[in-house]
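First up is the structure itself, then whatever we jot down about it.
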Amino acid sequence: MRYDDATYYARQMRRIVNTGTEPVTRYLMRISVDRYPGDPERSARLYRAKPLRWDFLRLSATCNGEPMNWKIKTDWDALKEVWLCFENSQGHFPLYPGDTAVIEYSYRVSDDRWGRGSSAPYGSRPVPCRSGWTSPPR
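The opening residue of the sequence shown carries number 1 in full-length UniProt numbering; numbering runs sequentially from there.
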């Protein structure tokens, strides 16, 4: 993650392995914010007034360098969940049993949602993120 005095830029890289018996066609990722971790009511007021917006997040994702389409699963004020799909305008590229892939995704969040500089909540604690699965999602 990097910070440029107004915006956080998050980039995640995941190495995933399909240990199941069916092809994997999507991967769930989430963006969750909590500006005031010790004060949930204050955080809720902030995100009602200034929800995370897809146009600002500018989510992008690739699998082994190939652009991925994505589909919104959850669209709440402070939580976004997206299925990263193993497909794009050129075709489908599912992850077959036994195969390994590297997924990279990136997005941005303004500091008024996460805090500023080193005092930001996410500057001083780990960013929660999904790390993989042992069988394909259903």
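Glycine residues also receive a C-beta, built at the ideal position from the N, C-alpha and C atoms.
Give every residue of the same chain whose Cβ lies closer than 8 Å to the Cβ of residue i, excluding the five residues on either side of it in the sequence, and list them in chain order.
| i | result |
| --- | --- |
| Thr7 | Arg108, Val109, Ser110, Asp111 |
| Thr62 | Met68, Ile103, Glu104, Tyr105 |
Rounded to whole angstroms, what's the CA-CA distance from residue i to residue j? Just pull it up for me.
| i | j | result |
| --- | --- | --- |
| Gly91 | Met68 | 10 Å |
| residue 206 | Tyr3 | Because residue 206 is not part of the residues shown, which for the chain are 1 to 138, the question remains open. |
| Ser32 | Arg113 | 10 Å |
| Asp99 | Ser43 | 41 Å |
| Met1 | Tyr27 | 21 Å |
| Ser89 | Asp39 | 43 Å |
Looking at the secondary structure, which residues open and close the alpha helix (DSSP H) in which residue i lies?
| i | result |
| --- | --- |
| Trp54 | 54-57 |
Bridge partners of residue i, per DSSP?
| i | result |
| --- | --- |
| Glu81 | Arg30, Thr74 |
Less than 6 Å between C-beta atoms, sequence neighbours within five positions excluded: which residues of the same chain meet that for residue i?
| i | result |
| --- | --- |
| Arg30 | Glu81 |
Over what stretch of residues does the beta strand (DSSP E) that includes residue i continue unbroken?
| i | result |
| --- | --- |
| Glu104 | 100-110 |
Examine the Cβ distances between the stretch 95-107 and the stretch 6-22 and report whether three or more of them are shorter than 8 Å. yes
Taking 8 Å as the threshold, find out whether the stretch 81-89 comes into contact with the stretch 38-52 through three or more Cβ pairs. no
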